[in-house]
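Sequences listed follow chains R and P, in order. Just so we're aligned, residue 1 is where the first sequence starts under the working numbering, counting upward by one. Just so we're aligned, residue 1 is where the second sequence starts under the working numbering, counting upward by one. Here's the structure, in structure tokens; my notes come after.
Number of protein chains: 2
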Amino acid sequence: MTLTFTPLPQIPLVCPGDNLATLLLTSLQAARITLEDGDIIVVAQKIVSKAENRLVNLCDVTPSKDALDLAKRSEKDPRLVELILRESREVLRVRPGTIIVEHNLGFICASAGIDHSNVRGTEGNPDDWVLLLPEDPDRSAMEIRRNIKIITGNRIGVCIIDSHGRAWRIGTIGMAIGLSGMPGIVDKRGWKDLFGYRLKITIVAAADELAAAASLVMGEAAEGTPAAHVRGFPYQLRESSLKELIRNKKDDLFR
Amino acid sequence: MTLTFTPLPQIPLVCPGDNLATLLLTSLQAARITLEDGDIIVVAQKIVSKAENRLVNLCDVTPSKDALDLAKRSEKDPRLVELILRESREVLRVRPGTIIVEHNLGFICASAGIDHSNVRGTEGNPDDWVLLLPEDPDRSAMEIRRNIKIITGNRIGVCIIDSHGRAWRIGTIGMAIGLSGMPGIVDKRGWKDLFGYRLKITIVAAADELAAAASLVMGEAAEGTPAAHVRGFPYQLRESSLKELIRNKKDDLFR
Numbered sequence: 001m002t003l004t005f006t007p008l009p010q011i012p013l014v015c016p017g018d019n020l021a022t023l024l025l026t027s028l029q030a031a032r033i034t035l036e037d038g039d040i041i042v043v044a045q046k047i048v049s050k051a052e053n054r055l056v057n058l059c060d061v062t063p064s065k066d067a068l069d070l071a072k073r074s075e076k077d078p079r080l081v082e083l084i085l086r087e088s089r090e091v092l093r094v095r096p097g098t099i100i101v102e103h104n105l106g107f108i109c110a111s112a113g114i115d116h117s118n119v120r121g122t123e124g125n126p127d128d129w130v131l132l133l134p135e136d137p138d139r140s141a142m143e144i145r146r147n148i149k150i151i152t153g154n155r156i157g158v159c160i161i162d163s164h165g166r167a168w169r170i171g172t173i174g175m176a177i178g179l180s181g182m183p184g185i186v187d188k189r190g191w192k193d194l195f196g197y198r199l200k201i202t203i204v205a206a207a208d209e210l211a212a213a214a215s216l217v218m219g220e221a222a223e224g225t226p227a228a229h230v231r232g233f234p235y236q237l238r239e240s241s242l243k244e245l246i247r248n249k250k251d252d253l254f255r
Numbered sequence: 001m002t003l004t005f006t007p008l009p010q011i012p013l014v015c016p017g018d019n020l021a022t023l024l025l026t027s028l029q030a031a032r033i034t035l036e037d038g039d040i041i042v043v044a045q046k047i048v049s050k051a052e053n054r055l056v057n058l059c060d061v062t063p064s065k066d067a068l069d070l071a072k073r074s075e076k077d078p079r080l081v082e083l084i085l086r087e088s089r090e091v092l093r094v095r096p097g098t099i100i101v102e103h104n105l106g107f108i109c110a111s112a113g114i115d116h117s118n119v120r121g122t123e124g125n126p127d128d129w130v131l132l133l134p135e136d137p138d139r140s141a142m143e144i145r146r147n148i149k150i151i152t153g154n155r156i157g158v159c160i161i162d163s164h165g166r167a168w169r170i171g172t173i174g175m176a177i178g179l180s181g182m183p184g185i186v187d188k189r190g191w192k193d194l195f196g197y198r199l200k201i202t203i204v205a206a207a208d209e210l211a212a213a214a215s216l217v218m219g220e221a222a223e224g225t226p227a228a229h230v231r232g233f234p235y236q237l238r239e240s241s242l243k244e245l246i247r248n249k250k251d252d253l254f255r
């Protein structure tokens, strides 16, 4: 079966309080897509954060001593660094221009996922506004899914994604940061191959594979396509959580 | 534009010397897909390695002293460990059951990508046969692409993929290990967002995003779908190489 990713058109600039389910359904109509059970909607973190009013004005942030120290080492704005620290459990690496942290949500990323591009608050200098990640992206995904279910009756999955850098390899790829109604991982331990051998690959990060592909069609250059429709996901939909995808610190060989 | 991934059906068990371009074109016909310029064919490492006869019988391998030591620490077959060492530049981490290396090809992966499942040599005990990665996957991709061009005249991209584990996150995802005629990365430095800000995300690992999605439809349970057809890749095709995706050791914060 063919797996298709369609960028969703005509999603307007999102404002705090907007109902994303409604915006997504309007966009699906514009794309002449009729939802079916088993479809997945992928949503960029950015519009979720905006709808949830995760905008912060740097003028309202007072950096702590830790933030001032880290700002010096990283050559970043101390107020931004203060927010990075508040959003994180642990700082893993620091270089000029780079702070890699374990986010409060459990995953490893740069600058706690705090975003400066495509962000504009309602007042003051637009350069002072930044955007934090959603407080609980699993919950955000669940709300979008539930609202779509109420309106259309369809059982779909929802995946919220962000672009993350990686160890060892150049470039970012889309990664899942929140899930509802679709698996994070697919556990194939015990599956056999053609000759009856157990598989080398036993646990597939299906949600991250989906996020990466959706990121391809959603792009980054503009907010015109902050969401994508997916049909043909090859695994059964089920309840899950971002936690499925996060390796415990003690099991991680590369912290 | 919609991005589609179609698993290619009816590819027979591949044997050393097989012409993959021919097998892929036969399969495309079976799937009623007519190639178009700009399409991409994704091929699993396994069938490339088999066609290139990268099968090794462990009975023919004599472990070195280093291999014997590492076999003890990793609780792996010393003959397999010998092959892992020959295929690698550096051992990064060792735990019982796990050896993470920098492969001779430059990327970081477990067991130098040497595969035991779905492998069967022509003689002896089938358990003794393992499969190394292609010697030069960029070249392998280029040959498939060239042979398809000769037969159909189409300008396509070819991406050879394997499933890799990752730092920090659970589960494997498909990653590019060889490329021809398609970009590894897309450099967006200097692109502006809606408000004229420079983008936070500047370099996208487009080939890895593609590999991850293709891996979703190709699965791992059987060799029925060791290739996929992709249409609608949103970036311009061009010459490139796996090297685009490999971070230099000195620039890597997580080695």
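Idealized CB from N, CA, C, for every residue including glycine.
- P:V230 is a Cβ neighbour of P:L210, given a cutoff of 8 Å.
- Of all alpha-carbon atoms in P:T98, P:A67, P:K72, P:S74, the one lying nearest the alpha-carbon of P:R86 is that of P:A67.
- At a C-beta separation below 8 Å, P:W168 has these neighbours in chain R: F107, I108, A167, I246, R247, D252, F254, R255.
- In the pairwise beta carbon analysis, the segment 168–178 of chain P is classified as not touching the segment 132–143 of chain R: fewer than three pairs are separated by under 8 Å.
- With contacts defined as CB atoms closer than 8 Å, P:A227 and P:V14 fail to qualify as a contacting pair.
- Using a Cβ-Cβ distance cut-off of 8 Å, the segment 105–115 of chain P and the segment 27–35 of chain P are not in contact, since fewer than three pairs of beta carbons, one from each stretch, lie closer than that value.
- Listed in chain order, the non-local C-beta contacts of P:M1 below 8 Å within the same chain comprise G232, P234, local neighbours out to five positions each way being set aside.
- Per DSSP, the unbroken alpha helix (DSSP H) holding R:V48 starts and ends at 45–51.
- The contact set of R:T4 on chain P, defined by CB atoms closer than 9 Å, consists of T2, L3, T4, F5, G232 in chain order.
- If you draw a straight line from the Cα of P:M182 to the Cα of R:S241, it comes to about 34 Å.
- The beta strand (DSSP E) runs lying completely inside the segment 148–184 of chain R and spanning 3 residues or more are 157–164, 173–180, given in chain order.
- Taking the CA atoms as reference points, R:Q10 sits about 14 Å from R:G219.
- In this chain, the alpha helix (DSSP H) harbouring R:P78 covers 78–86.
- Rounded to the nearest angstrom, the Cβ distance from P:R255 to P:L92 is 7 Å, consistent with a contact under 8 Å.
- Apart from sequence neighbours up to five positions away, the residues of its chain that approach P:G184 with a beta-carbon distance below 6 Å are A207, S240, E244, L245, ordered along the chain.
- Around the beta carbon of R:Q45, a 10 Å sphere encloses 16 or more other beta carbons of the protein chains shown; the residue is thus reported as buried.
- Here R:I156 is near R:L35, since their CB atoms are less than 8 Å apart.
- Beta-bridge annotation (DSSP): P:A110 is paired with P:I100.
- Exclusion of the five residues before and after R:I100 leaves L92, R93, A110 as the residues of its chain whose Cβ lies within less than 6 Å of its Cβ.
- When only Cα atoms are considered, P:K188 and P:P12 end up about 41 Å apart.
- Near chain P, meaning a CB-to-CB distance below 7 Å, no residue of the segment 25–38 of chain R qualifies.
- Of the residues R:P96, R:E90, R:H116, the one whose Cα lies closest to the Cα of R:G106 is R:E90.
- The C-beta of R:T62 has fewer than 16 other C-beta atoms within 10 Å across all chains shown, which makes the residue exposed.
- When beta bridges are read from the DSSP output, P:F5 appears opposite R:L3, P:V230.
- Closest by C-alpha distance to R:R238, out of R:T225, R:K249, R:R145, is R:R145.
- Rounded to the nearest whole angstrom, the C-alpha separation of P:S74 and R:L24 is 50 Å.
- Between R:L131 and R:L55 a beta carbon distance of about 6 Å is seen, short of the 8 Å cut, so the two are scored as contacting.
- Look at R:D252 here: in three-state DSSP terms it is coil, with no helix or strand label.
- For the segment 203–214 of chain R, residues whose beta-carbon sits nearer than 9 Å to a beta-carbon of chain P comprise I203, V204, A205, A206, A207, D208, E209, L210, A211, A212, A213, A214.
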